[in-house]
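Heads up: the sequence shown runs through residues 1229 to 1351, numbered per our numbering. Encoded as C-alpha coordinates, the structure appears first; notes follow it.
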Amino acid sequence: MTGQKPLITRARKSVSNFKLREGQAIGAKVTLRGDRMYEFLDRLITLAIPRIRDFRGLSPRSFDGNGNYTFGVTEQLIFPEVDYDKVDRTRGMDITIVTSASDDASGQALLTAFGFPFRKEGQ
(Lines of atoms letter the chains of each structure in order from A and count residues from 1; the text may use other names and numbers.)
(Lines give C-alpha, C1' and ligand atoms only; values in the text may rest on other atoms or scores of the structure.)
Protein backbone atom coordinates (compact mmCIF):
# COMPACT_ATOMS: atom_id res chain seq x y z
CA MET A 1 0.00 0.00 0.00
CA THR A 2 2.68 2.48 0.99
CA GLY A 3 5.77 1.12 -0.74
CA GLN A 4 7.67 1.24 2.54
CA LYS A 5 8.48 -1.28 5.28
CA PRO A 6 6.29 -0.73 8.38
CA LEU A 7 7.53 -0.33 11.94
CA ILE A 8 5.98 -2.97 14.21
CA THR A 9 4.40 -1.53 17.36
CA ARG A 10 4.60 -3.66 20.49
CA ALA A 11 2.64 -3.74 23.74
CA ARG A 12 4.35 -1.80 26.54
CA LYS A 13 2.76 -3.84 29.32
CA SER A 14 0.64 -6.95 29.75
CA VAL A 15 -3.15 -6.65 30.02
CA SER A 16 -4.88 -9.90 30.94
CA ASN A 17 -8.37 -8.75 29.86
CA PHE A 18 -7.12 -8.32 26.29
CA LYS A 19 -4.93 -11.47 26.43
CA LEU A 20 -1.97 -9.20 25.74
CA ARG A 21 1.64 -9.85 26.75
CA GLU A 22 4.37 -7.27 27.13
CA GLY A 23 6.40 -7.03 23.93
CA GLN A 24 3.75 -8.73 21.80
CA ALA A 25 3.28 -7.22 18.32
CA ILE A 26 -0.05 -5.34 18.24
CA GLY A 27 0.15 -3.19 15.11
CA ALA A 28 2.24 -1.49 12.47
CA LYS A 29 2.84 2.10 11.47
CA VAL A 30 4.44 3.92 8.57
CA THR A 31 5.56 7.54 8.30
CA LEU A 32 5.55 8.79 4.72
CA ARG A 33 7.37 11.88 3.50
CA GLY A 34 8.19 13.39 0.13
CA ASP A 35 7.23 11.62 -3.09
CA ARG A 36 5.88 8.50 -1.35
CA MET A 37 3.54 10.68 0.71
CA TYR A 38 2.18 12.43 -2.38
CA GLU A 39 1.75 9.11 -4.23
CA PHE A 40 -0.12 7.62 -1.27
CA LEU A 41 -2.36 10.70 -0.94
CA ASP A 42 -3.16 10.56 -4.66
CA ARG A 43 -4.11 6.85 -4.48
CA LEU A 44 -6.07 7.46 -1.28
CA ILE A 45 -8.12 10.34 -2.72
CA THR A 46 -8.68 9.04 -6.25
CA LEU A 47 -8.94 5.27 -5.75
CA ALA A 48 -9.47 4.22 -2.14
CA ILE A 49 -11.89 6.77 -0.65
CA PRO A 50 -14.43 6.43 -3.51
CA ARG A 51 -14.49 2.64 -2.87
CA ILE A 52 -15.65 3.04 0.74
CA ARG A 53 -19.08 1.51 1.18
CA ASP A 54 -21.89 4.05 1.84
CA PHE A 55 -19.43 6.95 1.65
CA ARG A 56 -20.97 10.39 2.16
CA GLY A 57 -17.83 12.44 2.68
CA LEU A 58 -15.18 12.74 5.38
CA SER A 59 -16.19 14.31 8.66
CA PRO A 60 -14.80 17.83 9.10
CA ARG A 61 -14.86 17.31 12.90
CA SER A 62 -11.89 14.94 12.97
CA PHE A 63 -9.25 17.67 13.18
CA ASP A 64 -7.18 17.76 16.38
CA GLY A 65 -7.06 21.54 16.93
CA ASN A 66 -3.61 21.90 15.35
CA GLY A 67 -4.59 21.35 11.71
CA ASN A 68 -3.89 17.59 11.67
CA TYR A 69 -6.59 15.21 10.42
CA THR A 70 -7.25 11.59 11.46
CA PHE A 71 -9.85 9.21 10.09
CA GLY A 72 -10.48 5.50 10.30
CA VAL A 73 -11.01 2.97 7.53
CA THR A 74 -12.93 -0.15 8.46
CA GLU A 75 -11.47 -2.49 5.83
CA GLN A 76 -8.21 -2.63 3.92
CA LEU A 77 -9.92 -3.89 0.76
CA ILE A 78 -10.62 -0.35 -0.44
CA PHE A 79 -7.00 -0.18 -1.64
CA PRO A 80 -6.57 -1.77 -5.09
CA GLU A 81 -3.14 -3.18 -4.11
CA VAL A 82 -4.74 -5.56 -1.59
CA ASP A 83 -5.60 -8.93 -3.15
CA TYR A 84 -9.03 -10.07 -1.98
CA ASP A 85 -8.08 -13.76 -2.17
CA LYS A 86 -5.10 -13.35 0.20
CA VAL A 87 -7.08 -11.59 2.95
CA ASP A 88 -7.91 -13.90 5.85
CA ARG A 89 -10.12 -11.32 7.60
CA THR A 90 -10.86 -7.65 7.13
CA ARG A 91 -8.77 -5.29 9.19
CA GLY A 92 -9.17 -1.58 9.65
CA MET A 93 -6.65 1.19 10.00
CA ASP A 94 -6.33 4.77 11.13
CA ILE A 95 -4.80 7.31 8.77
CA THR A 96 -3.37 10.54 10.19
CA ILE A 97 -2.48 13.45 7.92
CA VAL A 98 -0.05 15.82 9.65
CA THR A 99 -0.09 19.27 8.06
CA SER A 100 1.98 22.41 8.48
CA ALA A 101 -1.20 24.34 9.34
CA SER A 102 -1.53 25.84 12.80
CA ASP A 103 -5.32 25.62 13.11
CA ASP A 104 -8.17 23.45 11.87
CA ALA A 105 -9.56 25.93 9.32
CA SER A 106 -6.28 26.27 7.43
CA GLY A 107 -5.70 22.51 7.70
CA GLN A 108 -9.10 21.82 6.17
CA ALA A 109 -8.43 24.38 3.42
CA LEU A 110 -5.14 22.63 2.62
CA LEU A 111 -6.69 19.16 2.50
CA THR A 112 -9.63 20.45 0.44
CA ALA A 113 -7.11 21.84 -2.05
CA PHE A 114 -5.56 18.36 -2.23
CA GLY A 115 -9.02 17.00 -3.11
CA PHE A 116 -10.23 15.48 0.16
CA PRO A 117 -14.03 15.11 -0.07
CA PHE A 118 -15.27 16.68 3.18
CA ARG A 119 -18.90 16.46 4.17
CA LYS A 120 -20.75 19.77 4.46
CA GLU A 121 -21.27 20.84 8.09
CA GLY A 122 -24.58 19.53 9.46
CA GLN A 123 -24.85 16.50 7.15
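For glycine and all other residues, C-beta sits at the position ideal for the given N, C-alpha and C. None of these values were measured; they are calculated from a predicted model.
Check: So who's on the other strand from arginine 1238, going by DSSP bridges?
Finding: Ala1253
Check: If you draw a straight line from the alpha carbon of phenylalanine 1342 to that of alanine 1253, how long is it in whole angstroms?
Finding: 34 Å
Note to self: Tell me the rounded alpha-carbon separation between aspartate 1311 and glycine 1320.
What the structure shows: 15 Å
Notebook entry, point to check: Are the CB atoms of aspartate 1322 and glycine 1295 nearer to each other than 9 Å?
Noted result: no
Notebook entry, point to check: For aspartate 1322, which residues does DSSP report across the bridge?
Noted result: Gly1300
Margin query: Am I right that proline 1234 and isoleucine 1277 are in contact with their C-beta atoms under 8 Å? What's the rounded C-beta distance?
Written below: Not really, about 21 Å apart at Cβ, beyond 8 Å.
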